[in-house]
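Number of protein chains: 4
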Amino acid sequence: MPTEEAVRVPAAESGGTATRILDAAEALFAERGFTGVSVREIAGRVGLNQASIYNHFPSKQALYEAVLDRGFGPMRDLLAARAHGLGTPEARERLLADLIEHLWRTPHLPKLVQREVLDGGEYLDKLTEHWLKPIYEAAKKAVQATPGLARWPEEDLPLLILGMYHLLFGHFASAALLERLAGVDPFSPRMRQAHLEFVKHATDRLLER
Amino acid sequence: MPTEEAVRVPAAESGGTATRILDAAEALFAERGFTGVSVREIAGRVGLNQASIYNHFPSKQALYEAVLDRGFGPMRDLLAARAHGLGTPEARERLLADLIEHLWRTPHLPKLVQREVLDGGEYLDKLTEHWLKPIYEAAKKAVQATPGLARWPEEDLPLLILGMYHLLFGHFASAALLERLAGVDPFSPRMRQAHLEFVKHATDRLLER
Amino acid sequence: MPTEEAVRVPAAESGGTATRILDAAEALFAERGFTGVSVREIAGRVGLNQASIYNHFPSKQALYEAVLDRGFGPMRDLLAARAHGLGTPEARERLLADLIEHLWRTPHLPKLVQREVLDGGEYLDKLTEHWLKPIYEAAKKAVQATPGLARWPEEDLPLLILGMYHLLFGHFASAALLERLAGVDPFSPRMRQAHLEFVKHATDRLLER
Amino acid sequence: MPTEEAVRVPAAESGGTATRILDAAEALFAERGFTGVSVREIAGRVGLNQASIYNHFPSKQALYEAVLDRGFGPMRDLLAARAHGLGTPEARERLLADLIEHLWRTPHLPKLVQREVLDGGEYLDKLTEHWLKPIYEAAKKAVQATPGLARWPEEDLPLLILGMYHLLFGHFASAALLERLAGVDPFSPRMRQAHLEFVKHATDRLLER
DNA sequence: GATGAATGAGGATTCATTCAT
DNA sequence: AATGAATGAATCCTCATTCAT
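Chains as they are written, first to last, in the numbering used here: chain V, 1 to 209; chain L, 1 to 209; chain D, 1 to 209; chain B, 1 to 209.
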């Protein structure tokens, strides 16, 4: 796992080598997955010899997990600060806006998650336990506090919550699809606004009466 | 005897062994992606020497594409037969039911697609041109014929259509997530029914007044 | 694949398919050597499945040796019929003309020999014992009967004979060189005549006073 | 110490290991050709793992070309320094002596060239353009300045030059033949002297009146 | 005779990782 | 911290050969 030093860098000194490695690895892992990326390529993108990677991370696997760890911290914090008082449409709307804004700043994250979910690998357990489950439970409580929810059967709740997750994350994970099918740039400012509005409307319709 | 022969042909069309290779490759590629699976492993699962794979497919890449080709044929046919007359909720509902039933019979497919979309590789272009685009256009027409659509701004249409795709495919591609977060078996008959109902309700809410 | 009729045509009745295999193998072995040619490629050039080769030759090595055996028979016979009475320039000249004519009909042969010589493999021993040695000895006797020979020291005799061999065979084995360096086609009728004349003059100068 | 360093540099220019790899590869390629030698074997002869080869050369093909490049440099330089003033028999004789001496120090070279010529591969073009052509042109000029040349028709010139090349290189490329046919050791000091004398006499007879 | 399919061995090359410098 | 070099294991793929049909 990353040295304590390296882990602390991102917040304080963003110029550190470990951070640059994490940046490159994040982009590459998101683009082609764990097995699709070689240590040499990550090193190459940072301008390092492949051996140097091991001065900062003990293994490729550890680097991969460090990427996910770093990516998930802020999102978990963001949600932890809002887990309560989500009953009103306005609060929901604000959370969504913040979430989307955050994802727009870390667009690799949804891809990494989606890959991890598809792989169903070991790390998914840790991911679920430490990050996704809290978020899921918070979302569940918030949804349950929604007035119009009565129309959804109890057993549909998980599907409903994951459905909203798909609407939110899918835009990023499937950006290539939107680009090719609709001929638009999924990452243009215009689409950013459109996506935000769409998710707002969609959740309104799904949750409200 | 001629009858029996004739009957057997379609199933053994590409040779029994080739089909078994395709089956094994489909499952493995869906589970761990193209780079995550070795030819040796595919061969092993079929009980073959790895060299034998090359008697049936010229390369790993060709095998991969054959898997996708085979998987997408039926789905394209299914949608081609319904591309018209989707204006009514009943027609939509029937198509959804058939789609979900088909996906339930080929649960690897959504994973393969999602991996291909994440990779954004060369093959995605062919996939888009031949299969996804027609489906997308058909869906677009159907959605445009929906009365309640007025509430969606024109530029949200692609997002809306892809959103429904995510609701539908996400259940399969992210089954591991549902399993871990909600503690349910995404592939139980019970969840199958629940998913169908959920998608119906969700599309109703998204599309109708 | 070719009909039996077509197969029998080339050499009237020289074994049909086996002959066509030998033809293809001869050309390929001459062009790229034993290790540079695969059984599949030989079979492909004949329009056969690679397994069919083994109906005619027990192994790739055996096929290779059969190629050499077939190629050397006529040349040995040619020389055996002339091994005596080579003392006069006219006789020498006639032999050279016949030799060159024969090589021009089997231009792969010098390349095969040169490759075998470079490899210094097992088969070279058989080649030497059965074919090259008799030729060499005949040439030695003929040369020794030459009047002008007195000017060559005894120990230069092997070098002299091999030198003439190089002048003769080198044209074919190094055709690619002549083509690239002099910009001429080594296999044009014009060069054929020129080569014959050159070898005649050269041997004259080397052997005569 | 600085002196010693400086002295050692040329020999270790491309790294001691790289040189040892080149040495082993040169011997093996000369003996059995490009396709006849495996990277593993080259590595084994140097006492390396086969993967280590790739720390010094990007591919087997690149290693092969490096071998030829290295082998040809000195010979080209040797000839470049003599390209002029070759009109006299004495100058010719001295060049021949130097050439033969050089070949005796790099006896693999003629074999490598002959193999490359037989293959007629891509690299032969580079070989011709950069090395053989200059040599050929120099030889042509030198030969044209020879008095006795009048007896050769103009179109025989390329054959004459290549003929002398065959006499010179053939001794090395076909050493196995001389050994087996004449029962002598082509690389004995005695044969070395004999070969030099033979080439001198032969060129005299071919070029002079 | 011909062939599709099977296979063990080996081909070149890349992998993640280690270590001395 | 950085790196060139080394390596065992694994990668995809081709090899010559066999065998049932």
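Note that beta-carbon positions come from the ideal geometry of N, C-alpha and C, so glycine has one too.
Check	Outcome
If you measure beta-carbon to beta-carbon, which residues of the stretch 96-125 of chain V are closer than 8 Å to chain L?	111, 114, 115, 117, 118, 119, 120, 124 and 125
Does residue 88 of chain D pass the burial test, meaning 16 or more other C-beta atoms within 10 Å, or should it be called exposed?	exposed
Count the other CB atoms, across all protein chains shown, that sit within 10 Å of the CB of residue 69 of chain V; report buried if there are 16 or more and exposed otherwise.	buried
By alpha-carbon positions, which one of L:23, L:129 and L:179 ends up nearest to residue 44 of chain L?	L:23
To the nearest angstrom, how far is it from the Cα of residue 146 of chain V to the Cα of residue 138 of chain V?	13 Å
Please identify, using Cβ separations under 7 Å, the residues of the stretch 15-34 of chain B that lie next to chain D, in order along the chain.	32 and 33
Give the secondary structure of residue 42 of chain B by DSSP, where H, G and I count as helix, E and B as strand, and everything else as coil.	helix
Work out the CA separation of residue 141 of chain L and residue 135 of chain L for me, nearest whole Å.	10 Å
What residues in its chain sit with their C-beta under 8 Å from that of residue 3 of chain V, if we drop five residues either side in the sequence?	Note that residue 3 of chain V scores a pLDDT of 38, beneath 50, so its modelled location is shaky and nothing firm can be said.
Shortest alpha-carbon distance to residue 192 of chain B belongs to which of B:153, B:115 and B:100?	B:100
Where residue 133 of chain L and residue 77 of chain L are concerned, what is the direct C-alpha to C-alpha distance, given to the nearest angstrom?	14 Å
I'd like the list of long-range same chain contacts for residue 123 of chain D, defined as Cβ closer than 8 Å, with 5 residues on each side in sequence excluded.	64, 65, 68 and 116
Using a Cβ cut-off of 9 Å (strictly closer), state whether residue 47 of chain D contacts chain B.	no
Please report the Cβ distance between residue 194 of chain D and residue 159 of chain B, rounded to the nearest whole angstrom; I am assuming they are in contact, meaning their Cβ atoms lie under 8 Å.	6 Å
Per DSSP, what kind of secondary structure is residue 58 of chain L in: helix, strand or coil?	coil
Could you list the residues in the stretch 167-189 of chain L with a C-beta less than 7 Å from some C-beta on chain V, going in chain order?	167, 170, 173, 174, 176, 177, 178, 180, 181, 182 and 184
Let's test the definition: count the other Cβ atoms within 10 Å of the Cβ of residue 90 of chain L and tell me whether it reaches 16, buried, or not, exposed.	exposed
With a threshold of 9 Å between beta carbons, is residue 195 of chain L in contact with chain V?	yes
Please name the residue, chosen from V:187, V:33 and V:54, that lies closest to residue 172 of chain V on a Cα-to-Cα basis.	V:187
Specify, as a first and last residue, the run of the alpha helix (DSSP H) that residue 207 of chain D falls within.	189-207
Can you list, in chain order, the residues of its chain with a C-beta nearer than 6 Å to that of residue 175 of chain V? Leave out the 5 residues immediately preceding and following it.	186
I think residue 32 of chain V touches residue 119 of chain L, with their Cβ atoms under 8 Å apart; what is that distance to the nearest whole Å?	6 Å
Is the beta carbon of residue 97 of chain B closer than 9 Å to that of residue 168 of chain B?	no
Can you pull the chain D neighbours of residue 136 of chain B, defined as C-beta to C-beta under 7 Å?	181
Is it true that the CB of residue 79 of chain L sits closer than 9 Å to the CB of residue 128 of chain V?	no
Given this structure, state the Cα-to-Cα distance separating residue 102 of chain L from residue 153 of chain L, to the nearest angstrom.	32 Å
With 9 Å as the threshold, decide whether the Cβ of residue 205 of chain B is near any Cβ in chain D.	yes
Chain V partners of residue 80 of chain L, CB-CB under 7 Å?	Neighbours of residue 80 of chain L on chain V: none; closest Cβ ~17 Å, over 7 Å.
Roughly how many angstroms separate the alpha carbons of residue 207 of chain L and residue 157 of chain V, rounded to a whole number?	20 Å
What did DSSP end up calling residue 107 of chain D once you bin it into helix, strand or coil?	coil
Is the CB of residue 72 of chain D under 9 Å away from at least one CB in chain B?	no
Less than 8 Å between the CB atoms is what I'm expecting for residue 109 of chain B and residue 75 of chain B, so what's the real figure, rounded?	7 Å
I'd like to know if residue 142 of chain L contacts chain V, where contact means its C-beta is closer than 9 Å to some C-beta of that chain.	no
Exposed or buried, what is residue 30 of chain B when buried is set at 16 or more other beta-carbons lying within 10 Å of its beta-carbon?	buried
Could one say the Cβ of residue 133 of chain B lies closer than 9 Å to chain D's Cβ atoms, at least one of them?	yes
Does chain L have any CB closer than 9 Å to the CB of residue 56 of chain V?	no
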